[in-house]
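Have a look at the structure below before the remarks.
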Amino acid sequence: MQYFISDIHGHYDLFCRLMEKIKFCGGDTLYVLGDMIDKGPHSVRLLRLLFSQQNVFCIAGNHEYNLIKYYHALMRQTEDYDYVLRQLGERYEDRHLLDWDTVDKLETLPYFIEENFIAVHAGVPLQNGKILPLSQAMREQLVYDRDFLSPHCLPEGKCVLFGHTPTRSVCGRDGILMYPRGGKVNTICDCIKIHLDTGVYLGGVLGCVSFEGKCFYVKQ
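Residues in the sequence shown are numbered consecutively from 47, following the numbering used here.
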């Protein structure tokens, strides 16, 4: 089974509960669409768990993007690597868990995954209602775009899974939003796009969707 999730924001315990609920195992695959860190209490612990799993594929969101930008700025200022690591961990309650292996993996995160679907943090480049090649997109658009969440933005092409902005800003509730092409949803490919950010740091709801289009939730 394939699953998709976004904007976990350091909620390690809730994430583990969700994985237990779907009975996630070695034969499954999980795609994490960015913003794994900040806001919640266990950002580094969550990163280390995600990065340790061979069947978990993560992309960068704006929070990871900003942390890497900060890392590069620090490295231009000093060659004191211990100082750099301390500064990077300063914002996290579990800063003692941050190590260079985690930083290196953060730095090499992709900004999108494209298969028979597109997984991105915030949005995709569009022209005349069609999706442009993602390899040509600016990283800032992929992690910051807020136009793509509009219910009126319904591009042609592969299903786009994204997060970045809580769904309550669109529909007034904390749940995954699916935009079907028409008819029954048998897989995510039957959707134009799927909005995954359930606003865990606001209402305590964390959700994921399976490739078959089934949604799963846990709540604090």
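Ideal Cβ placement from N, Cα and C applies to all residues, glycine included.
Using the C-alpha atoms, what's the distance from Tyr49 back to Glu258? Between the alpha carbons of Glu258 and Tyr49 lies a distance of about 9 angstroms.
What first and last residue would you give for the beta strand (DSSP E) that runs through Cys104? The continuous beta strand (DSSP E) containing Cys104 extends over residues 102-104.
Residue environment, Ala106, which counts as buried when at least 16 other CB atoms sit within 10 Å: By the neighbour-count definition (other C-beta atoms within 10 Å, threshold 16), Ala106 is a buried residue.
The beta strand (DSSP E) with Ser181 in it runs from where to where? No beta strand (DSSP E) holds Ser181; DSSP gives it neither H nor E.
Determine the direct distance from the alpha carbon of His198 to that of His241, and round the result to whole angstroms. Rounded to the nearest angstrom, the gap between the Cα atoms of His241 and His198 is 13 angstroms.
Using the DSSP secondary-structure output, state which residues sit across from Glu136 in a beta bridge. None, per the DSSP bridge assignment.
CA-to-CA distance, Asn112 to Leu120, given in whole angstroms: Note on geometry: alpha-carbon atoms of Leu120 and Asn112 lie some 12 angstroms from one another.
Measuring only between beta-carbons, confirm whether Lys115 sits less than 9 angstroms from chain D. No chain D appears in this structure, which consists of one protein chain only.
For Thr213: DSSP bridge partner residues: According to DSSP, Thr213 shares a beta bridge with no other residue.
Under 8 angstroms, with one C-beta from each stretch per pair, do the region 210-224 and the region 176-186 reach the 3-pair mark? Contact fails: fewer than three Cβ-Cβ distances are below 8 angstroms.
Which residue or residues does DSSP assign as beta-bridge partners of Met224? DSSP output for Met224 lists Ile240 as bridge partner(s).
Measuring CB atoms only, is the region 121-131 touching the region 95-103, in the sense that at least three cross pairs come out at less than 8 angstroms? Because the criterion of three Cβ pairs below 8 angstroms is not met, the region 121-131 and the region 95-103 do not touch.
Give the DSSP-derived three-state secondary structure of Glu296 in the structure shown. Outside the modelled stretch of the chain, which goes from 47 to 266, sits residue 296, for which no answer is possible.
Mind checking whether Met82 and Ile114 have CB atoms under 9 angstroms apart? Against a cut-off of 9 angstroms, the Cβ pair of Ile114 and Met82 comes out as no contact.
Check the DSSP bridge columns for Val251 and list the partner residues they point to. Partner(s): Lys265.
Are the beta-carbon atoms belonging to Pro212 and Asp243 less than 9 angstroms from one another? Less than 9 angstroms divides the Cβ of Pro212 from the Cβ of Asp243.
Per-residue burial, Pro179 [other beta carbons within 10 Å of its own, 16 or more giving buried]: Exposed is the call here.
Bridge partners for Ala165 per DSSP, in chain order? The partner list for Ala165 (beta bridge, DSSP) reads Ile159, Leu207.
Under a three-way DSSP split, which group does Phe50 fall into? In this structure, Phe50 counts as strand in the three-state DSSP scheme.
If you reduce the DSSP assignment to three classes, tell me which class Thr148 lands in. Taken through DSSP and simplified to helix, strand or coil, Thr148 comes out as helix.
Contact between the region 165-177 and the region 219-227: three or more CB pairs below 8 angstroms? No contact exists between the region 165-177 and the region 219-227.
Does DSSP put Val78 in a helix, in a strand, or in coil? In the structure shown, Val78 falls within a strand segment according to DSSP collapsed to helix, strand and coil.
Ignore the nearest five residues each way along the sequence and tell me which others in Cys235's own chain have a CB closer than 8 angstroms to its CB. Closer than 8 angstroms at the Cβ level, and outside the excluded window around Cys235, lie Asn162, Phe163, Lys204, Cys205.
Go to Cys62, then tell me how far its alpha helix (DSSP H) extends in each direction, as first and last residue. 58-67 is the span of the alpha helix (DSSP H), which, as asked, contains Cys62.
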